[in-house]
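In my numbering, the protein residues as written are 887 to 1000. The structure under discussion appears below in the form of structure tokens.
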């Protein structure tokens, strides 16, 4: 745990949040500043600052994060119409919290990228 990381502090229970899923490795919660009707953050409980820090040892964890996102999309009722998974990595990408996390976005038609 990184005591300066807001996500680590949420994971430790120091701050309340709308937790939708958690297991030994992963936690998922609603974003407090949603960019779509459904906006869920899915993150590892282990503090990994960004996607740039991922190693071969994280392959199973990354697959688990994506699988959890898919299950949440189904339970939120957005899987059939479609959803977006986003991982920002580093300040130029817009990553605001230096703790690896996926954004699950859906519930409306999302704009095209690029």
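All residues carry an ideal CB built from backbone N, CA and C; glycine is no exception. Since we're looking at a predicted model, the values are computed, not measured.
Among the options, which one has its Cα closest to the Cα of residue i?
i: residue 974; options: 953, 938, 942; result: 938
i: residue 988; options: 969, 923, 952, 907; result: 952
i: residue 995; options: 908, 978, 968; result: 968
i: residue 921; options: 979, 944, 957, 991; result: 991
i: residue 958; options: 915, 899, 894; result: 915
i: residue 955; options: 936, 981, 928, 935; result: 928
For residue i, write down the residues that DSSP places opposite it in a beta bridge.
i: residue 916; result: 926
i: residue 972; result: 989
i: residue 908; result: 913
For residue i, count neighbouring C-beta atoms within 10 Å of its own C-beta (all shown protein chains included) and say buried if the count is 16 or more, exposed if not.
i: residue 887; result: exposed
i: residue 941; result: exposed
i: residue 976; result: exposed
i: residue 930; result: buried
Alpha carbon to alpha carbon, how far is residue j from residue i? Give it in angstroms, no decimals.
i: residue 966; j: residue 960; result: 8 Å
i: residue 913; j: residue 919; result: 18 Å
i: residue 933; j: residue 971; result: 20 Å
i: residue 978; j: residue 999; result: 17 Å
i: residue 900; j: residue 963; result: 30 Å
The beta strand (DSSP E) that contains residue i, what's its start and end?
i: residue 989; result: 988-992
I need the boundaries of the alpha helix (DSSP H) containing residue i, first residue and last residue.
i: residue 953; result: 945-961
i: residue 897; result: 892-897
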